[in-house]
Amino acid sequence: MSIEFIQLAHGSGGSATTKLLEQIFLPRFRDIGLQPENDAALLPIGNGVTLAFTIDGFVVEPPFFPGSDLGSLSVNGTINDLAVMGARPLYLACGFVISVGVSSTMLSQIATSMQEAAAASNVQIVAGDTKVVESRGTTPQIQVTTSGIGIVEAIEPWHTPRVRPGDQLILSGTIGEHTLAVMGARHSWFQHDPIASDCASLYPMLVPLHPIPDIHWVRDITRGGLGGVLNELAHATGYGIELDEEKIPISSLVRGWCEILGYDPLYLANEGKALLAVDRAAASHTLSELGKTVLGRHASLIGEISSDEQPVVILNTSIGGRRLVMAPAGELFPRIC
Amino acid sequence: MNNHWQSLTSYRSPELVQQLADAINNACQGRVKIMQVCGTHTWSYRRHGLATLLTQNLSLVAGPGCPVCVTDQGDLDWIMDLAGEKQNTLVTFGDLMRVPGSNGSLAEMQSRGADIRVVLSPLKALDIALAEPSRRVILVAIGFETTAPVVAATLQHAHRLCLTNFSIVLLLKRLIPALRYLFARERPDGLLCPGHVATVVGKQAFACLPQELGIPSAIAGFEPVDMLLGLLDLAHQLKTANAKITNAYPRVVTEQGNPIARSLIEATFEPAPSQWRGLGELPTAGYGLRGALQRFGLNPAAVLLSKAANGQCLCHLVILGKHTPQACPRFRKNCTPENPLGPCMVSEEGTCAAHYYYPDLDESLEIPDTESEVTLQLPPPVTDGKLPNKK
Ligand code: SF4
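Top to bottom, those sequences are chains A and B. When the first sequence is numbered by my numbering, its final residue is 597 and no position is left out of the sequence of numbers. When the second sequence is numbered by my numbering, its final residue is 991 and no position is left out of the sequence of numbers.
Dropping the structure here:
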């Protein structure tokens, strides 16, 4: 079925997004170098040096929410795309599309957050661009696009072709906070007990893993959530995945609200969580290295790549049942009752 | 919230679940067909993988308990027509956004500029009406006895505020009259009754089902242990051939229900005929507005008969437990949550969506359509020949 009009679901990171890429962009850009399966492109430049290069656009309504804002999100999001390729993020460029009516206070606040997030990660913002457009909807919006470049430091590449059966899957921390923080700010939910976004740079957590050769693959879990990333991994490798629901770290606050709102935490977005596939022999070392870092202190071994040649994700539920985990489909809408 | 969650985890205890499953499996000697009226039961059952613990003798079929799914196609088209009128702001629950109408879904209309707002509480519609007096704010009220109290509160409040730019598309439905009608023709061996409806109307409201129709009935909550307790009650009733209504959710459900919610419903609505997908017009299975509140009601008469229903969708059979989603030739092929062809594929409580997201373990998962079969290519080697082979 061909896409007629772009809808919100096409940006949700699920199979609608895949469809958009497959229908419009991949056929045109693949032949000219696009590496669609990586968070950042890997570019060998000789002498054993590989650059990681990426770009990401950010729009979020509202632009300020507990734990983070559009500014730090746009800097950390791009830093993370580089960091999960085993790279040290170095330089960023940023582009702003600002609609008429945005207050300068708001813009300054966002720029300040970007400045702070970049400084905290020792990254420089070296180029930028601004465009101002007519305001369309009811609220004036700011869109930020950031592009980043870094140098790969991991001694072996962290990417899909290295994943193999028996690899252990490690999740770096609790899931679901980011989506709920944004939804909470958007709809004025959880006012007594706000949920903060997990937005953070993953680089400091991943640095200690650079010398471990048995790290095979790392991904940050953003749109589409853990369920989305796992299904992509299964499809890209052709192997099945087995998960233990019990082992997936979810805070009780997130869990409780998901029950009420009818969300499955496996599909909620995160902005400071990574999923790793590592050789079985290196799993406990990796876990203990992660456990020493602030962001990785709740890291948990949640499952493994099975030798099953059916690329499906199977969840052993916490009550002792088994079921499949599907790829996310469409935008999240809260339910009736 | 923390404490509330902690107290719920005991209803997911693997040991308790296993004990209950064993007891049910022992009690269920012959084949039985239990209807789980409510979509939330279907979701819970599939999401926790309960089927893998229970005997194949026990088959759970869907019932007409998903508000979006039982909404008539004519009513859906009416809602979309209203959303298409420039002066209207449509206020709706999220579930309705992707339901296909004759001319696309609300989500598509929104992407083309229609003013549609998704809310968690109907009361929010009043805030919008107050804040934007030039807009005609229309609340779409779908749901059962569970949703009726808060819609009633909204209407009462709108009345107190003397709002003139607020109206309602009243599509709320009364579950028990519909079940009586449905079972007069064909009945399952047992009925798992929805705990949240019973919370409002009380255990006694369900007593007519075993008394008049002889159907063993158990009220159950939605956690795995709650559901299994309900199923165990049913298994015992079936074994002893003694149909009654039992309450397997006593921590929430009382004999008479919630008096405040019931009196709000009573003061606001009266029983009225209602169109149900798959069942047609049922005499008392809907709500009408009482007295002065009638001025908020929009009248669908002109459009109700308008457009053709969605021809090949089997939702009307799925919600009566006569068809499984897998029996529909469009399931998972051209009907998916992103491109749903019927309401059962849309809602968080829809049976087709529950089966889509939480498939049977042995189900063959077909890819929706040929165009999306293009798989992502693996990257070219990026470092000097160090890559191990994939397989
Ligand atoms: S799979 Fe789709 S078309 Fe078939 S019954 Fe369900 S909703 Fe209708």
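Where a beta carbon is used, it is the ideal one built from N, C-alpha and C, also for glycine.
Burial of S432/A is indicated by the presence of at least 16 other C-beta atoms within 10 angstroms of its C-beta.
Residues of chain A whose Cβ lies closer than 8 Å to the Cβ of P614/B are, in chain order, S578, I579, G580. Residue contact with chain A for V769/B: absent (no Cβ-Cβ distance below 9 Å to any residue of chain A).
Rounded to the nearest angstrom, the Cβ distance from Q856/B to Q811/B is 17 Å, too far for a contact under 8 Å. Between V478/A and L486/A, the CB-CB gap reaches or exceeds 9 Å. Counting every other CB atom within 10 Å of its CB across the protein chains shown gives V554/A a total below 16, marking it as exposed. In the DSSP secondary-structure assignment, V797/B is not bridged to any residue.
Under DSSP, I501/A forms a beta bridge with I565/A, V573/A.
Distances from the CB of Q912/B to the heavy atoms of the ligand SF4 include at least one below 8 Å. DSSP places A301/A in the strand class (E or B) of the three-state scheme. Per the coordinates, the alpha-carbon of T692/B lies some 7 Å from the alpha-carbon of A741/B.
Assignment of P749/B by DSSP, reduced to helix, strand and coil, places it in the helix class. In the DSSP assignment, N847/B falls within the beta strand (DSSP E) that extends over 845-847.
Here K773/B is buried. Its C-beta has 16 or more other C-beta atoms within 10 Å. Residue contact with chain A for A651/B: present (Cβ-Cβ distance below 9 Å to some residue of chain A). Residue A753/B holds the alpha-carbon nearest to the alpha-carbon of T868/B among E963/B, A753/B, R785/B. Using a Cβ-Cβ cut-off of 9 Å, W449/A counts as an interface residue toward chain B, since at least one Cβ of chain B sits closer than that to its own. P824/B has a beta carbon lying within less than 9 Å of a beta carbon in chain A. L771/B places its beta carbon 9 Å or farther from that of S705/B.
Between the stretch 334-354 of chain A and the stretch 400-411 of chain A, the count of Cβ pairs shorter than 8 Å is three or higher; the stretches touch. Segment contact: the stretch 450-457 of chain A against the stretch 542-559 of chain A, fewer than three CB-CB distances shorter than 8 Å; contact not assigned. Annotation: the continuous beta strand (DSSP E) that includes K633/B extends over 632-638.
In the DSSP assignment, E786/B falls outside any beta strand (DSSP E), carrying neither H nor E. Three or more Cβ pairs closer than 8 Å define a contact, and the stretch 724-736 of chain B meets that threshold against the stretch 682-702 of chain B. Among the residues facing chain B, L268/A is included, as its CB has a counterpart in that chain under 9 Å away. Contact of L584/A with chain B is assigned, a C-beta pair being separated by under 9 Å.
Taking a 10 Å sphere around the C-beta of C928/B, we find 16 or more other C-beta atoms and assign the residue as buried. For E870/B, the pairing in a beta bridge is given by DSSP as G888/B. L466/A and F265/A have their C-alpha atoms roughly 40 Å apart. Contact check for F325/A against V442/A passes: the beta carbons are separated by less than 9 Å. Restricting attention to K507/A, R424/A, H438/A, the CA atom closest to the CA of A494/A is found in R424/A. At a beta-carbon threshold of 8 Å, the residues of chain B lying near F265/A are E708, S711, R712, ordered along the chain. With contacts defined as CB atoms closer than 9 Å, V661/B and Q636/B qualify as a contacting pair. At least one C-beta of chain A is nearer than 9 Å to the C-beta of Y958/B. Interface annotation, A541/A: not in contact with chain B, CB-CB separation never under 9 Å. Distances from the alpha-carbon of R717/B to those of S702/B, I819/B, R736/B, G701/B put R736/B closest.
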